[in-house]
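Report on the following structure.
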Amino acid sequence: MSPLVYLLFWSVRRQLLEGLDAEDLERMRHVRIELALRPELEDVLRGCGGGEFGYFWGTRAGESDGGTELPETEAVGLIRIFAGNIRPFCRATLELVLRHEIHHALGADEEDCDLAGLGSYHIGRALEAAAGASS
Ligand SMILES: [Zn+2]
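Sequence positions in the sequence shown follow the working numbering and run 171 to 305.
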């Protein structure tokens with residue numbers, strides 16, 4: 171993967187985390203955020219489809235995780251974003267995809283994401299807009 175892809179990813183990741191309020195940032199403390207080109211075997215075994223833009227895997231904030239010592243209000247897990255599936259891959263599209271997954275980690279389901287303007291419809295529109303802008 172090009173270093174520019176990583177630079178953009180780290181920049182957007184930082185921007186979104188810095189934009190969270192202190193409480194949400196605290197809830198995200200135990201969520202790793204990673205970038206990969208495309209889903210690999212471990213992702214597929216977690217239920218990720220080959221064409222997905224990304225996923226959150228773990229225990230959402232506010233859910234019981236069945237017995238660790240962490241408070242239930244914190245999310246625990248992993249967000250993986252797939253640069254090769256986000257076309258075009260640019261700040262606007264990456265930001266929306268990552269925002270969607272952070273929203274899940276913080277407790278949202280798909281309907282909550284839709285209501286927050288972060289649903290698959292909104293991501294589809296952003297991809298179309300970015301494709302139009304670059305052609
Ligand atoms: Zn989702």
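The C-beta atom is built at its ideal place from N, Cα and C for all residues, glycine as well.
Check, Outcome
"Count the other C-beta atoms from every protein chain shown that fall within 10 angstroms of the C-beta of residue 246, then say buried if there are 16 or more, exposed otherwise.", "buried"
"Beta carbon of residue 222: closer than 7 angstroms to some heavy atom of ligand 1?", "no"
"Is the beta carbon of residue 283 within less than 7 angstroms of some heavy atom of ligand 1?", "yes"
"Among 290, 273, 303, which has the Cα closest to the Cα of residue 191?", "273"
"Ignoring anything shorter than 3 residues, give me the beta strand (DSSP E) runs that lie fully in the segment 240 to 303, in order along the chain.", "246 to 252"
"Since residue 204 sits in a beta bridge, which residues does DSSP pair it with?", "250"
"Might you give, ordered along the chain, the residues of its own chain that have their beta carbon closer than 8 angstroms to the beta carbon of residue 219, omitting 5 neighbours on each side?", "209"
"Could you spell out where the alpha helix (DSSP H) holding residue 179 opens and where it closes?", "173 to 188"
"Here's the rule: buried if 16 or more other CB atoms are within 10 angstroms of the residue's CB, otherwise exposed. What is residue 224?", "buried"
"Between the segment 253 to 266 and the segment 180 to 190, are three or more C-beta pairs nearer than 8 angstroms?", "yes"
"Counting along the chain, where does the beta strand (DSSP E) carrying residue 228 start and finish?", "224 to 229"
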